[in-house]
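Novice: Starting off with a structure, shown below.
Residue numbers (our numbering), protein chains in the order written: chain A, 10 to 518; chain B, 10 to 518.
Next comes the structure, spelled out in structure tokens:
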């Protein structure tokens with residue numbers, strides 16, 4: 010009697026909690042390049058397992074194995090949801106067979122992230138099939154697969170619907186970044202780990218730029234982040250890129266070495282006249298090169314107010330000797346820092362001010378990081394340099410008034426039609442500056458807006474919605490997915506990290 | 010050269026990140042009953058382990074063992090922080106020896122939660138000592154121990170300072186509750202698990218009241234929560250108590266059984282005239298009794314607008330036959346529901362409206378749950394009934410304007426001086442109602458304000474600060490501890506879940 014009632018309420022719950030899971034709809038985020046699907050369903054077997062028949066990848070460091078374990082964790086909500094065993098074998102999916110063509114697990118800019126995913130509707134010994142060029146493409150395929158699984162409230166079992174699935178997929182841009190400012194506030198390690206996890210859910214990120222040395226905060230990182238670099242992020246297919254912002258935003262350096270400050274009362278930019286400044290940059294970049302294996306390093310170069318240089322007698326004297334005005338000294342500093350980074354094998358990313366001031370002088374391998382406004386990418390690529398887009402009006406997460414719709418519609422290739430120039434736009438990066446963000450609010454400030462940018466950066470332009478309205482339900486579904494996985498993604502309506510409205514499910518906020 | 014600089018910055022970081030860790034200060038939250046400490050320090054050994062020499066507790070279900078594993082996880086930030094091995098044995102703490110006097114692991118209202126914790130300054134084979142009546146007292150001791158450990162940025166090792174430690178501790182109140190409203194919004198399981206974890210950090214909670222059946226949401230819970238009840242919460246010493254709110258706040262019942270609604274247009278309170286209403290309550294409480302082993306069940310009884318009863322012909326007719334007016338019918342309903350709960354072995358908690366309207370008729374074992382205002386507890390205990398304090402002006406977490414200082418200074422025994430009457434106040438409960446709370450903001454709305462109430466409920470009244478200013482730094486330290494453990498506790502300044510202010514460490518928000 011009771012259980013009857015509970016079943017009826019279950020159905021009600023089903024509508025409430027999985028209301029947005031419209032079986033006629035695709036609920037995969039970001040949208041793959043090509044998707045075909047049917048109308049059949051299948052249960053996941055209790056012995057659901059990983060096979061690698063025909064794979065060339067040895068998985069010596071367990072990247073694939075751990076990825077599969079994480080898949081099981083998220084689809085079973087850490088073993089709360091049950092698999093099925095009581096149904097006919099032909100209605101069960103036994104596992105996934107993953108074939109990886111490359112035996113290397115090097116994680117680097119531009120690696121092949123493509124994959125193919127097949128889920129057959131039936132047959133004895135039915136296994137889903139994944140084929141990928143690299144293990145990191147296979148990890149993306151597992152993320153997509155996890156989004157095909159859902160909990161059926163009537164059977165109380167894990168189900169995949171809309172079978173058979175045929176999905177082929179690859180990213181539109183290789184550089185899909187999220188910047189975390191670990192300097193302005195203390196960002197706890199567990200939070201950064203969760204952000205890395207959720208980046209992988211959104212296929213968002215090949216890199217985090219950690220804003221090192223802004224005000225405070227770099228050495229503390231070395232202890233912890235080096236361990237993350239070595240293992241945690243790489244196992245999730247995420248490169249970590251460090252920003253060493255010079256000569257501005259570097260006040261904290263002077264705490265260790267006061268001589269790097271022009272003077273006690275005029276503490277930035279770093280003293281351009283002091284050879285030790287560059288010796289220290291060389292030392293830090295030498296340390297970085299042992300930890301951060303990504304081919305790029307970020308040298309900042311933004312928001313440099315050089316007035317302290319002229320205001321400090323010994324530096325003023327040096328400027329006169331060199332015959333430099335302040336802006337020439339700024340150029341001298343940035344180019345000298347670039348040479349040091351190049352000597353450590355890095356290609357350099359600099360904020361757009363360096364391009365706006367002396368673009369023609371920059372190392373030809375420089376990647377210019379746009380942030381001030383739109384239209385910069387076009388100028389950069391026309392000058393032959395490469396570009397990353399982060400225009401603050403649309404892709405700065407700390408701008409709470411920037412809606413997910415703005416994040417979604419921000420097009421990196423605006424007004425860039427020449428295919429050769431388009432290739433010079435490496436991608437983009439959403440930036441989580443930390444003035445008002447710490448362990449208490451970073452997740453809901455990043456999500457779900459970062460996911461909107463993730464689809465812009467991942468999905469083939471032809472499959473991107475012209476009108477964000479057309480993807481609202483699907484993004485809402487992804488937001489609920491993040492919540493279900495313990496990520497505090499905020500509701501979609503309203504500004505960043507808005508509180509949910511009146512009672513309802515996570516699908517109707 | 011570089012490393013010198015990094016060390017200097019490290020010290021700077023130390024001040025920034027552990028600035029509030031004043032070694033002349035006690036940074037334990039909530040404050041134990043009695044604490045003695047010295048000025049020595051010791052490293053934790055690489056082989057830091059658990060011993061149970063002389064313990065009567067078999068730990069068949071692994072409650073102590075898992076508690077110790079969680080201790081290692083939090084003090085090492087999941088194995089990021091290193092133990093020490095390179096120093097002299099006499100400077101190393103080898104582990105903890107835990108002696109438990111009771112062999113039972115029954116978790117119930119009123120069990121002995123006391124413990125004694127000793128950490129000696131030196132000696133070969135140096136083990137910390139914990140003695141507790143029950144395993145749950147021992148879990149509290151492990152939480153206290155975890156707060157004695159900190160990361161030394163110079164040695165980069167785990168250290169305990171202020172040795173030797175002699176701590177004896179027990180809670181002031183046995184009922185220290187946090188209510189989570191799982192009905193108005195979907196609260197993801199990982200979030201509820203994290204809330205349970207953080208309750209244990211604050212020694213806050215013997216119980217969560219899950220607000221069942223408010224609008225929606227109970228059956229979904231049965232699948233998941235029953236597993237949590239059985240294992241997750243109990244392993245952390247946390248009882249889970251369910252609220253079955255009747256006759257009001259029960260609209261969702263009618264989705265399964267429309268006949269429970271007075272009519273389609275007048276959907277609450279539940280139909281008092283329909284015997285099936287009570288049959289269903291009996292059925293649900295029968296289910297509850299298999300899942301929720303805590304001696305109390307919450308039957309709600311609040312905010313009942315009975316006008317639908319008179320407005321519905323068949324119920325109006327029934328009222329006339331019974332000679333009831335609406336308020337008599339409300340009393341009839343509540344008392345009948347109480348009898349059903351008692352028949353399932355429960356003692357009943359009801360919201361204060363039941364007491365305010367017909368307190369003398371309530372089952373003598375009723376626990377009255379105060380929420381409307383202050384002064385109620387005094388009336389309740391003077392009438393001989395027991396009371397739980399949750400006055401909304403100070404202990405409703407959804408009231409964002411209620412500051413941590415208000416949470417801290419809210420005294421359950423206000424104007425209750427007679428020791429026999431004081432015993433009738435079981436404790437209190439902070440309430441996280443879910444109108445604007447879901448997986449995206451529940452943690453920072455609960456913490457750190459709930460921790461302020463936790464000390465009020467745990468700590469001996471003589472050791473509570475008269476002026477909350479005196480505990481601000483210590484609570485700030487606990488807030489940072491929560492952040493370091495991945496709990497999104499908000500800054501202390503300002504209203505609930507406020508964003509952090511300008512750049513700084515988590516100690517100066």
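We put the beta carbon where it would ideally sit given N, CA and C, even for glycine.
Please name the residue in 213(B), 383(B) and 344(B) whose C-alpha comes closest to that of residue 456(B).
Specialist: 213(B)
Novice: How far does the beta strand (DSSP E) with residue 167(B) in it reach, from first residue to last?
Specialist: 166–172
Novice: Sort 159(B), 356(B) and 48(B) by Cα distance to residue 37(B) and report the nearest one.
Specialist: Relative to residue 37(B), the option among 159(B), 356(B) and 48(B) whose CA is nearest is 159(B).
Novice: Are three or more beta carbon pairs between the region 115–130 of chain A and the region 164–175 of chain A nearer than 8 Å?
Specialist: yes
Novice: Measure from the C-beta of residue 519(A) to each C-beta in chain B and report whether the shortest distance is under 9 Å.
Specialist: Because chain A in this structure spans residues 10 to 518, residue 519(A) falls outside the shown range and cannot be described.
Novice: Find the nearest neighbour of residue 184(B) within the set 471(B), 467(B), 482(B) and 161(B), judged by alpha-carbon distance.
Specialist: 467(B)
Novice: Just to confirm my understanding: we take residue 56(B), look at its own chain, exclude 5 residues before and 5 after, and list those with CB closer than 6 Å. What are they?
Specialist: Excluding residues within five positions, none has a Cβ falling inside 6 Å.
Novice: Listing by chain order, which chain B residues have their CB less than 8 Å from the CB of residue 453(A)?
Specialist: Those within 8 Å of residue 453(A) in chain B are 449 and 450.
Novice: Is residue 312(B) buried or exposed, if buried means 16 or more other CB atoms sit within 10 Å of its CB?
Specialist: exposed
Novice: Going by other Cβ atoms of all chains shown within 10 Å of its Cβ, with 16 needed for buried, is residue 295(B) buried or exposed?
Specialist: exposed
Novice: Under 9 Å, do residue 454(B) and residue 501(B) count as touching if we go by C-beta distance?
Specialist: no
Novice: Determine, for residue 313(B), whether the minimum Cβ-Cβ distance to residues of chain A falls below 9 Å.
Specialist: no
Novice: Between the region 339–357 of chain A and the region 251–262 of chain A, can you find at least three pairs of beta-carbon atoms closer than 8 Å?
Specialist: yes
Novice: Can you tell me whether residue 335(B) is helix, strand or coil according to DSSP?
Specialist: helix
Novice: Starting from residue 80(A), find everything on chain B with Cβ-Cβ shorter than 9 Å and list it in chain order.
Specialist: Within 9 Å Cβ-Cβ: nothing; residue 80(A) doesn't reach chain B, min ~16 Å.
Novice: Fully enclosed by the region 448–513 of chain A, which alpha helix (DSSP H) runs are 4 residues long or longer?
Specialist: 451–455, 458–467 and 481–493
Novice: On the CB-based measure, 16 or more other CB atoms within 10 Å of its CB, does residue 335(A) come out buried or exposed?
Specialist: buried
Novice: What residues from the region 423–449 of chain B come within 9 Å of chain A, judged by C-beta to C-beta, listed N to C?
Specialist: 443, 444, 445, 446, 447, 448 and 449
Novice: Counting only Cβ-Cβ distances shorter than 8 Å, please list the residues of the region 278–289 of chain B near chain A, keeping chain order.
Specialist: 288 and 289
Novice: Round the Cβ separation of residue 411(A) and residue 396(A) to the nearest angstrom and send it over; I've been treating them as touching at under 8 Å.
Specialist: Not really, about 20 Å apart at Cβ, beyond 8 Å.
Novice: Mind checking which residues open and close the alpha helix (DSSP H) that includes residue 149(B)?
Specialist: 144–157 is the extent of the alpha helix (DSSP H) around residue 149(B).
Novice: Roughly how many whole angstroms lie between the Cα atoms of residue 76(B) and residue 104(A)?
Specialist: Whole-angstrom Cα-Cα distance: 34 Å.
Novice: Is the Cβ of residue 495(A) closer than 9 Å to any Cβ of chain B?
Specialist: It does: the Cβ of residue 495(A) has a partner Cβ on chain B nearer than 9 Å.
Novice: Excluding the five sequence neighbours on either side, which residues of its own chain have a C-beta within less than 7 Å of the C-beta of residue 120(A), listed in chain order?
Specialist: 143 and 145
Novice: Going by C-alpha to C-alpha distance, which of 420(B), 339(B), 417(B) and 306(B) sits closest to residue 314(B)?
Specialist: Among 420(B), 339(B), 417(B) and 306(B), the Cα nearest to that of residue 314(B) belongs to 339(B).
Novice: Does residue 151(B) get closer than 9 Å to chain A when you measure Cβ to Cβ?
Specialist: no
Novice: Apply the 10 Å Cβ neighbour rule to residue 225(A) and answer buried if 16 or more other Cβ atoms are within range, or exposed otherwise.
Specialist: Note on residue 225(A): pLDDT 31, under 50, position unreliable in the model; the coordinate value appears next. Buried, by the Cβ-count rule.
Novice: Please list, in chain order, the chain A residues whose beta carbon lies closer than 7 Å to that of residue 508(B).
Specialist: 445 and 450
Novice: Applying the 10 Å Cβ sphere with the 16-neighbour rule, what's the burial state of residue 515(B)?
Specialist: buried
Novice: For residue 358(A), tell me which candidate among 451(A), 303(A), 150(A) and 452(A) has the shortest Cα-Cα distance.
Specialist: Ranking 451(A), 303(A), 150(A) and 452(A) by Cα distance to residue 358(A) puts 303(A) first.
Novice: With distances taken Cα to Cα, identify the nearest neighbour of residue 61(B) among 278(B), 141(B) and 461(B).
Specialist: 141(B)
Novice: I'd like the span of the beta strand (DSSP E) that includes residue 103(B), first residue to last.
Specialist: 101–109
Novice: Can you tell me which of the three DSSP states residue 360(A) falls into?
Specialist: Residue 360(A): strand per DSSP, three-state reduction.
Novice: Which ranges does the beta strand (DSSP E) cover as unbroken runs of at least 3 residues, wholly within the region 262–330 of chain B, from first to last along the chain?
Specialist: 305–307
Novice: Can you give me the C-alpha to C-alpha distance between residue 116(A) and residue 248(A), rounded to a whole angstrom?
Specialist: 7 Å
Novice: Name, in chain order, the residues that DSSP records as bridge partners for residue 381(A).
Specialist: Paired residue(s): none; residue 381(A) is not in a bridge.
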